[in-house]
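For reference, the structure is listed below as structure tokens.
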Amino acid sequence: MLKRSLAIITLLIIGYWLAQGLAGVPFGQDKMLVGQYYLNHVEAQTGAINVVTAIVVNYRGFDTLGEVTVLFIASTGVAALLWGRKKKRTAKTEGSVVLTTGISLLFPFVLMFGGYIFIHGHLTPGGGFPGGATIATGFLLMYMAFISYEIPHGKFEVTEGLVGMGYVIVGLIGLAISGYFLFDWIWQTWHWGAGNIGRLFSGGFIPVIYTLIALKVGTELSGIIDNMLKEEVKE
Amino acid sequence: MNVLSATGEALVLIGTFFYFLSTLGLIRMPDVYNRMQTSTKSATLGSLGVLVGTGFWAVGKGYSWAWIVQTLVVATFLLLTNPISAHALIRAAYKRGIPLWSGSVVDKYHEHLKKKEETVEEAPIEGDAE
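Protein chains in written order, with the working numbering: chain A, 1 to 235; chain B, 236 to 365.
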């Protein structure tokens, strides 16, 4: 009781303190400094009309590379923590007929929608991370509905590695061409898709990188799901 | 106001009405199975009304026809997946042994499981079978 009331009082004090701090920030007023620059120059400099993905991939590509690294470390860490000699799926009950049929029908559509999201990253909301998460959701559905379903491990791990390498290679090509890492050579040097802004074949290297990121995120999250759903079997 | 907008507005109104009914059923019904019944059915119907209605409404207001296509895709997806999820939830609830409402009369599934167990004969009970 004392513990709980102390916790509530502390939280209230922290909340009041934060509210006081935020009270000085005016709402609804134009406070953009860098933001205005992005909004004004995004089409000319990157060829994308989705400002968020342009910032995330193009202007601040290092953050995205870091995020991909974090995900990779998370997936590797889960695999290392749950590493066992003999691991198998121990689910007992198969999903009902309705569930298995429904999900085997739904699975390709989920994958297709994931693909739609990451291919259109420079045009519509979304991008590599939501697209990859959608793809992983498809595999999660398969795991939930079928007792013995397993992802093709070998292919998935190879894809994960190759695709991560692809991201760095795209960055290194930019380094070779212009002198700094993750330089958008497809747009800045080739001017590829310059008369095509707002359509699918535009956006510099954003669609390329988002395809790579989505494949990486999708295979990684599927691998995490696979690791977590397995249990050690006793001989 | 043209015909398309009017249709859309009417559909959205019907949809929200069914949303309301679904919430009401969630409060009013006595057990899990009845609650799932009311909420799933009317929430699915309400979503279809609101989604398709929004599509019609937007086209009537002069936006592109893509609105109808996109809302129809989402509506189809909901129409196909909502019953499956409701089925999975109900089945899991029954398997966990959540009782039917005290006023329920017939439980054929229980009888079916019993009969199956008898035919198997002395098989160890799986624990979560009913």
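C-beta: ideal position from N, C-alpha, C; glycine also.
query                                                                                                                                                                                          : result
Specify the secondary structure class of ALA157(A) as computed by DSSP and reduced to three states.                                                                                            : One point to set straight first is that residue 157(A) is Glu, not Ala, in the sequence displayed. GLU157(A): helix per DSSP, three-state reduction.
Less than 8 Å between the CB atoms is what I'm expecting for PHE118(A) and GLY132(A), so what's the real figure, rounded?                                                                      : 7 Å
List, in order along the chain, the chain A residues whose C-beta lies closer than 7 Å to that of ILE319(B)?                                                                                   : VAL98, LEU99 and GLY102
Classify ARG4(A) as helix, strand or coil using the three-state DSSP reduction.                                                                                                                : helix
Over the uninterrupted beta strand (DSSP E) stretch that includes GLU232(A), give me the two end residues.                                                                                     : 230 to 232
Would you tell me roughly how many angstroms separate the C-alpha atoms of GLY218(A) and ILE135(A), rounded to the nearest one?                                                                : 5 Å
Specify the secondary structure class of LYS88(A) as computed by DSSP and reduced to three states.                                                                                             : strand
Give a yes or no on whether 8 Å exceeds the smallest Cβ distance from LEU200(A) to chain B.                                                                                                    : no
Could you name each continuous beta strand (DSSP E) segment of 3 residues or more that falls completely within the stretch 72 to 148 of chain A, going from the start of the chain to the end? : 87 to 89
Can you give me the C-alpha to C-alpha distance between LEU215(A) and ILE186(A), rounded to a whole angstrom?                                                                                  : 21 Å
Considering only C-alpha positions, which residue in the set GLY21(A), ALA23(A), GLY204(A) and VAL51(A) is nearest to VAL34(A)?                                                                : VAL51(A)
By Cβ distance below 7 Å, which residues in the same chain neighbour ASN269(B) in space, the five residues on each side in sequence not counted?                                               : TRP336
Quick check on ARG326(B) - is its C-beta less than 8 Å from some C-beta in chain A?                                                                                                            : yes
Which residues of chain A have a Cβ atom closer than 8 Å to the Cβ of THR316(B), listed in chain order?                                                                                        : GLY102 and LEU106
What residues from chain A crowd round HIS322(B), counting only those whose CB sits closer than 8 Å?                                                                                           : SER96, VAL98 and LEU99
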